[in-house]
Amino acid sequence: MFSKILIANRGEIACRVIKTARRMGIQTVAVYSDADARAPFVKMADEAVHIGPAAAAESYLVADKIIAACKQTGAEAVHPGYGFLSERASFVEALAKENIAFIGPPANAIAAMGDKIESKKLALEAGVNVVPGFVGEIRDTDHAVEISNDIGYPVMMKASAGGGGKGMRLAWSEKDVREGFEATKREGLNSFGDDRVFIEKFIENPRHIEIQILGDKHGNVIYLNERECSIQRRHQKVVEEAPSPFVTPKMRKAMGEQCVALSKAVDYHSAGTVELIVSGADPTGESFYFLEMNTRLQVEHPVTEAITGVDLVEQMIRVAAGEKLAMTQDDVTIDGWAIENRVYAEDPYRGFLPSTGRLVHYQPPVEPWADDGDANGRRGVDGIRVDDGVFEGGEVSMFYDPMIAKLVTWGETRDEAADLQVAALDAFRIEGLGHNVDFLSAIMQHERFRSGELTTGFIAEEYPEGFEGAPASGDLTRVLAAVGGVIATADADRARRIEGQLSDDLYAPGDWTIRIGEREEASTSHDVRLEEDALTVDGEQVTIEMQYTPGESMVDVELYGDDTGEDAEPIDVYTIQLKPTRTGYAMTTRGATHTLRILQTRIAHLASHMIEKQPPDLSKMLICPMPGLLVKLHVAEGEEVQPGQPLATVEAMKMENILRAEKQAVVGKINAAEGDSLAVDEVILELE
Numbered sequence: 001m002f003s004k005i006l007i008a009n010r011g012e013i014a015c016r017v018i019k020t021a022r023r024m025g026i027q028t029v030a031v032y033s034d035a036d037a038r039a040p041f042v043k044m045a046d047e048a049v050h051i052g053p054a055a056a057a058e059s060y061l062v063a064d065k066i067i068a069a070c071k072q073t074g075a076e077a078v079h080p081g082y083g084f085l086s087e088r089a090s091f092v093e094a095l096a097k098e099n100i101a102f103i104g105p106p107a108n109a110i111a112a113m114g115d116k117i118e119s120k121k122l123a124l125e126a127g128v129n130v131v132p133g134f135v136g137e138i139r140d141t142d143h144a145v146e147i148s149n150d151i152g153y154p155v156m157m158k159a160s161a162g163g164g165g166k167g168m169r170l171a172w173s174e175k176d177v178r179e180g181f182e183a184t185k186r187e188g189l190n191s192f193g194d195d196r197v198f199i200e201k202f203i204e205n206p207r208h209i210e211i212q213i214l215g216d217k218h219g220n221v222i223y224l225n226e227r228e229c230s231i232q233r234r235h236q237k238v239v240e241e242a243p244s245p246f247v248t249p250k251m252r253k254a255m256g257e258q259c260v261a262l263s264k265a266v267d268y269h270s271a272g273t274v275e276l277i278v279s280g281a282d283p284t285g286e287s288f289y290f291l292e293m294n295t296r297l298q299v300e301h302p303v304t305e306a307i308t309g310v311d312l313v314e315q316m317i318r319v320a321a322g323e324k325l326a327m328t329q330d331d332v333t334i335d336g337w338a339i340e341n342r343v344y345a346e347d348p349y350r351g352f353l354p355s356t357g358r359l360v361h362y363q364p365p366v367e368p369w370a371d372d373g374d375a376n377g378r379r380g381v382d383g384i385r386v387d388d389g390v391f392e393g394g395e396v397s398m399f400y401d402p403m404i405a406k407l408v409t410w411g412e413t414r415d416e417a418a419d420l421q422v423a424a425l426d427a428f429r430i431e432g433l434g435h436n437v438d439f440l441s442a443i444m445q446h447e448r449f450r451s452g453e454l455t456t457g458f459i460a461e462e463y464p465e466g467f468e469g470a471p472a473s474g475d476l477t478r479v480l481a482a483v484g485g486v487i488a489t490a491d492a493d494r495a496r497r498i499e500g501q502l503s504d505d506l507y508a509p510g511d512w513t514i515r516i517g518e519r520e521e522a523s524t525s526h527d528v529r530l531e532e533d534a535l536t537v538d539g540e541q542v543t544i545e546m547q548y549t550p551g552e553s554m555v556d557v558e559l560y561g562d563d564t565g566e567d568a569e570p571i572d573v574y575t576i577q578l579k580p581t582r583t584g585y586a587m588t589t590r591g592a593t594h595t596l597r598i599l600q601t602r603i604a605h606l607a608s609h610m611i612e613k614q615p616p617d618l619s620k621m622l623i624c625p626m627p628g629l630l631v632k633l634h635v636a637e638g639e640e641v642q643p644g645q646p647l648a649t650v651e652a653m654k655m656e657n658i659l660r661a662e663k664q665a666v667v668g669k670i671n672a673a674e675g676d677s678l679a680v681d682e683v684i685l686e687l688e
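If you count the sequence shown from 1, position 478 lands on 478 in full-length UniProt numbering, and the numbers rise without skipping.
This is the structure:
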């Protein structure tokens, strides 16, 4: 067994590998860029080596710097995590020349399967059913258009070395191909150092199923069941679960055995994932196509660990050290259900724009996962596991993936795992930048998600106009009003105790009018009355139990039904985050933030005389919606533009975003130049 390994990665996956290596008695070495000098993984490792500037192309993607760090520290092996150099055969070969082990598959398997073009050729030769497409070299945009026309729209353009949703464009027409082909090439080059692109038929209403593979150097390969990753946005996975609600035992066996055969064809060892696209309209599951093989550890590996009890990182290390697998296919079981949500620094209320910046507050629902070696421990604390690599006060950088944390829950059933997700997301406190916690909670509560009727079009179909928060039930609205009344009374009670009041007999009011909703015309009004033995909302009694001290930012609330005896169980439990506003509170729970305007009933009628502030007209400005790099200006001053015409391309979080004209206009003043770093809400150009 190795005595020291180097982790050629950053963030949560670096922390994840370090924890398991530490349990195994293996020393660890971290490598870090300028942007990660204070990151948790750097502090966790036994040693740390600085390898360059913040840009990945000058640090984490430079193989020579990784190898130099191994020599400097005496590391015997390298774990690549995912992304960066994890699927680069040349890196494995370079390590081998220096007699440094690679904790992953052999170079020939990476070359054959990690390259999406070559893997499709191999699959075709092996008789595996693949999605119709073109897997040769594409000369230029005109050639891409010709190929797309032959295949038939819609088509998907993918960077050959891509992964994690990067370097992918869906094209519904020739116009889309002409606009997106060069951008796909650039994203592939910038993120993976490879600008080759392939094009394939896009299968509508598909389900995304993947099989986890594990093999050793002695010819043994097994599959650890499947994961469903159908809920995606811009081809980036958002929710993953294991097992799949769609896959039957017969389907699982057929898919697994085919994926094992494919792996053996390239002498695969270590952990890997074969991705399949399955027609959701075919309940037999026989209509599945090979998409690609990811020759590395997947982001979503914890859900497989939760239902099988197998530590995939430990197995990768043991396989790399030459050990045989200690399990056979018959030993692989399914225990319960696990769901993983990716908590990202992106704002779903603003079209999911990347949101970089400082984490002013960061408080996960449970302590980040610690590897104690127990199979049940891989399910976290009471079924809730948090894998992260950030800290309160730290910064989410524009240079890397926007992931803040992975939230994994395990339950005996799928509904139990989803309910735990909702509860844990409510208690996830993140402030300082935009995040997608509300959106994830809304998905977990969605009727279609609960039914298991999933496709990769779920988000686009269910949120066609964007995300505005999860809808609130009548029970939730009444609870929020009741909580608002209790909090207002407690705050008023503390205020009356301050010395220097006008009178000594001030009392805390118990009658409140609470309006829920930001704007008057869209709000609902509730009358809340607190008495010694009752709390009523609109004249109906509401029984809640909560503890609140003025100034607290989060409260737990238990809602009771008609039975309020000593042995009564709450009918629902809420975790509500509180943020004071000028006239009340913003309360966040169950996938939405609700603005409560809280007024004493005796003066509430006067609120109608207050003038609402009108937002400024920004329609004549092209405003940068996120921090990023201005890659291209598509127009010049004085040029007339039409609705939908590209105006500028901004790169953020390794993704290119095209900003388009919303109406016919003439370009006036241009305030930024190509290559400029832009702040959020910075004006790029003005329209006349």
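Note that CB positions come from ideal geometry on N, CA and C, so glycine has one too.
This one's a predicted model, so the numbers in the text were calculated from it and none came from an experiment.
Paired residues, beta bridge with residue i - DSSP
i: alanine 30; result: Ile7 and Ala48
i: lysine 632; result: Thr649
i: alanine 171; result: Val155
i: leucine 476; result: None; leucine 476 has no bridge partner.
i: aspartate 511; result: Arg529
i: tryptophan 410; result: Ala338
i: proline 580; result: Tyr585
i: aspartate 388; result: Ala405
i: leucine 276; result: Ile209 and Phe290
i: proline 354; result: Glu346
i: arginine 22; result: For arginine 22, which the question treats as bridged, DSSP gives no partner whatsoever.
i: asparagine 657; result: Val650
i: alanine 101; result: Ala77
i: glycine 608; result: It is serine, not glycine, that sits at residue 608 in the sequence shown. According to DSSP, which records beta bridges pairwise, serine 608 is partnered with nothing at all.
CB contact flag (residue i, residue j, <8 Å)
i: leucine 262; j: alanine 126; result: yes
i: threonine 513; j: alanine 604; result: yes
i: isoleucine 6; j: alanine 69; result: As written in the sequence, residue 6 is leucine, which differs from the isoleucine given in the question. Contact flag set, yes.
i: alanine 672; j: leucine 629; result: no
i: lysine 65; j: valine 29; result: no
i: glycine 591; j: glutamine 445; result: yes
i: leucine 224; j: valine 332; result: yes
i: leucine 578; j: leucine 480; result: no
i: glycine 411; j: asparagine 205; result: no
i: leucine 485; j: leucine 530; result: Strictly speaking, residue 485 in this sequence is glycine, with leucine absent from that position. Yes, Cβ-Cβ distance for glycine 485 and leucine 530 is below 8 Å.
Cα-Cα separation, residue i to residue j
i: glutamate 558; j: glycine 474; result: 16 Å
i: valine 483; j: arginine 602; result: 20 Å
i: aspartate 374; j: valine 17; result: 16 Å
i: valine 408; j: glycine 383; result: 8 Å
i: aspartate 140; j: arginine 378; result: 48 Å
i: threonine 295; j: alanine 8; result: 16 Å
i: valine 130; j: alanine 338; result: 29 Å
i: lysine 264; j: valine 221; result: 7 Å
i: leucine 420; j: arginine 342; result: 15 Å
i: asparagine 436; j: tyrosine 344; result: 6 Å
i: threonine 549; j: leucine 454; result: 43 Å
i: glutamate 58; j: alanine 679; result: 23 Å
i: aspartate 176; j: leucine 170; result: 8 Å
Limits of the alpha helix (DSSP H) - the one that residue i falls within
i: lysine 121; result: 116-125
i: histidine 301; result: 301-308
i: phenylalanine 91; result: 89-97
i: threonine 543; result: First-last for threonine 543: 543-546, but that is the beta strand (DSSP E), not the alpha helix (DSSP H).
i: arginine 72; result: For the record, residue 72 in the displayed sequence is glutamine; it is not arginine. Its alpha helix (DSSP H) spans residues 63-73.
i: lysine 264; result: 249-265
Proximity test, residue i beta-carbon vs the ligand FMN heavy atom, cut-off 7 Å
i: alanine 472; result: No copy of the ligand FMN occurs in the structure displayed, which carries no ligand at all.
Range of the contiguous beta strand (DSSP E) that encloses residue i
i: threonine 588; result: 584-589
i: alanine 665; result: 665-670
i: leucine 454; result: Per DSSP, leucine 454 belongs to no beta strand (DSSP E) and is neither H nor E.
i: alanine 600; result: Just to set this straight, residue 600 is glutamine in the shown sequence, not alanine. Glutamine 600 -> beta strand (DSSP E) spans 592-600.
i: arginine 227; result: 221-228
i: arginine 38; result: From DSSP, arginine 38 is part of no beta strand (DSSP E); its letter is neither H nor E.
Is there contact between the stretch 419-430 and the stretch 573-581, where contact requires at least three CB pairs shorter than 8 Å?
yes
Three Cβ pairs or more, each shorter than 8 Å: is that satisfied between the stretch 315-334 and the stretch 101-115?
yes
Should the stretch 146-165 be regarded as contacting the stretch 189-207, the criterion being three or more beta carbon pairs within less than 8 Å?
yes
With a cut-off of 8 Å, do at least 3 Cβ pairs link the stretch 335-355 to the stretch 235-246?
yes
Quick check: the stretch 300-310 against the stretch 254-261, are at least 3 beta-carbon pairs closer than 8 Å?
no
Check whether the stretch 388-395 touches the stretch 29-49, counting contact only when three or more Cβ pairs, one atom from each stretch, lie closer than 8 Å.
yes
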